[in-house]
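Working notes for the structure below.
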């Protein structure tokens, strides 16, 4: 049985969902900061239920921890 991927509020996330960042996050290897309230559209689930993949207008190919996200 696989563990469902959940956001910071416990809502189950699915492929293609949109999520909102709930905390300003620094992007590793870049000087970019993703601001709170940034929407990440069309997410992809990973093998790790604590992480998702997505892209924003500023950064492509992000891996984000679900503890900093809420379902949009």
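Residue numbers (this note's numbering): 1 to 72. C-beta atoms are modelled at their ideal positions from N, C-alpha and C, and glycine is treated no differently. Note that the coordinates shown come from a computational prediction; the quantities given were computed from them, not determined experimentally.
- Around the beta-carbon of residue 12, fewer than 16 other beta-carbon atoms lie within 10 Å, marking it exposed.
- Short of 7 Å from the beta carbon of residue 41, and not among the five residues preceding or following it, lie these beta carbons of its own chain, in chain order: 18.
- Residue 52 sits away from residue 36, with the two beta carbons spaced by 8 Å or more.
- Here residue 5 carries a coil assignment [DSSP, helix/strand/coil].
- Contact between residue 8 and residue 69 holds, since their C-beta atoms are separated by about 6 Å, short of 8 Å.
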